[in-house]
Amino acid sequence: MTHTIPGNYNPAPDLLAGKTILVTGAGDGIGRAAALSFASHGATVVLLGRTVAKLESVYDEIELAGGPQAAIFPMDLAVAGGEQCAELATAMTDTFGALDGLLHNASVLGERRPIESSTYAGWQEVMQVNVNAQFLLTRHLLPLLRAAPSASIVLTSSGVGRKGRAFWGAYAVSKFATEGFMQVLADELENTSEVRVNSLNPGATNTAMRRTAYPSETPTDNPAPADIMPAYLYLMGDDSKGVNGQALSVR
């Protein structure tokens with residue numbers, strides 16, 4: 003059964019009260035907007051990213067708005083391995099005991115060129131950040147997600163991860179891999195009541211990545227990250243209980 007996100011979804015102000023949610027790539031763009039939005043709806047947010055100053059800025063903004071105290075966990079997914087992810091899981095277990103939500107938002111665009119002229123180093127970097135790190139984090143955090151009464155994993159997809167397009171190279175292939183990862187994991191967890199897994203394509207959004215990919219666009223023609231947050235709130239909150247294994251789109 004195909005599911006769609008309700009139009010004009012209006013989340014309750016306390017939708018995420020008492021929940022702990024980890025956001026990757028939380029320092030910029032959609033990740034930053036998601037962290038702020040989750041916190042404003044009551045969640046304790048764990049900010050994961052590689053640039054500490056950006057994470058600290060988001061942390062301060064949450065604090066200034068009166069949200070629950072966030073946590074910062076610096077990690078460069080381009081070089082992250084199992085040991086770092088295990089350390090994160092241990093720290094999360096000691097501090098929170100459970101994890102109610104995991105938003106895999108961090109991605110790199112990589113080279114925009116034909117496969118024939120793509121470099122292996124560029125290909126490897128995209129696969130490491132967009133696929134391998136996503137797998138490692140999920141694998142190590144799954145026990146924490148299972149410990150929550152109702153947890154949600156949201157993986158960030160793309161239009162080019164659902165229909166391939168010339169010159170999108172490793173990025174498109176990494177997003178096809180993300181869709182496959184979502185389907186496999188969702189099927190494995192289908193008969194559990196505590197963890198659901200879905201992918202979300204944010205569509206054209208005014209972010210640094212979008213501006214890099216489409217330099218001739220007028221950036222303000224696309225919605226700001228904050229404008230697409232209802233979809234993220236829906237998937238992280240209990241209103242989406244029972245939604246599992248779906249390839250969803252913001253619009």
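Take the sequence shown: its position 215, counted from the start at 1, is 217 in the numbering used here, and no numbers get skipped.
Note that beta-carbon positions come from the ideal geometry of N, C-alpha and C, so glycine has one too.
Remember, predicted model here, so these are calculated numbers, not experimental data.
Would you say residue i and residue j are within 9 Å of each other, going by their C-beta atoms?
i, j, result
"Ala215", "Leu90", "no"
"Leu235", "Phe40", "yes"
"Asn200", "Val156", "yes"
"Val197", "Ser154", "yes"
"Arg253", "Gly182", "no"
"Leu139", "Ile23", "no"
"Val25", "Ala36", "yes"
"Val133", "Ala179", "yes"
"Leu191", "His5", "no"
"Glu219", "Gly171", "no"
"Thr158", "Leu104", "no"
"Met238", "Lys21", "yes"
"Gly51", "Asp30", "yes"
Secondary structure at residue i, three-state DSSP: helix, strand or coil?
i, result
"Thr95", "helix"
"Ser152", "coil"
"Thr222", "helix"
"Leu57", "helix"
"His142", "helix"
"Leu250", "strand"
"Pro227", "helix"
"Val197", "strand"
"Ala259", "Because the chain here runs from 3 to 253, residue 259 falls outside it and cannot be looked at."
"Ala73", "strand"
"Leu90", "helix"
"Gly239", "coil"
"Gly51", "strand"
"Leu104", "strand"
"Trp170", "coil"
"Lys165", "coil"
"Gly182", "helix"
"Leu66", "helix"
"Gly31", "helix"
"Ser109", "coil"
"Val133", "helix"
How would you call residue i, buried or exposed, if buried means at least 16 neighbouring beta carbons within 10 angstroms?
i, result
"Ala233", "buried"
"Arg167", "exposed"
"Asn203", "buried"
"Ser160", "buried"
"Asn246", "buried"
"Ala55", "exposed"
"Ala210", "exposed"
According to DSSP, which residues form a beta bridge with residue i?
i, result
"Thr46", "Thr22"
"Thr262", "Nothing about residue 262 can be read from this structure; the chain reaches only from 3 to 253."
query = Between the segment 143-160 and the segment 61-70, do at least 3 Cβ pairs fall closer than 8 Å?
reply = The segment 143-160 vs the segment 61-70: no contact.
ask   = Are the segment 84-98 and the segment 3-19 in contact at 8 Å, needing three or more beta carbon pairs?
value = Counting Cβ pairs under 8 Å, fewer than three are found: no touch.
ask   = At a cut of 8 Å, does the segment 42-51 reach the segment 114-122 through at least three beta carbon pairs?
value = No: fewer than three Cβ pairs fall under 8 Å.
request  = Please confirm if the segment 168-177 is in contact with the segment 217-224, defined as three or more CB-CB distances below 8 Å between the two stretches.
outcome  = Output reads no: the segment 217-224 does not touch the segment 168-177.
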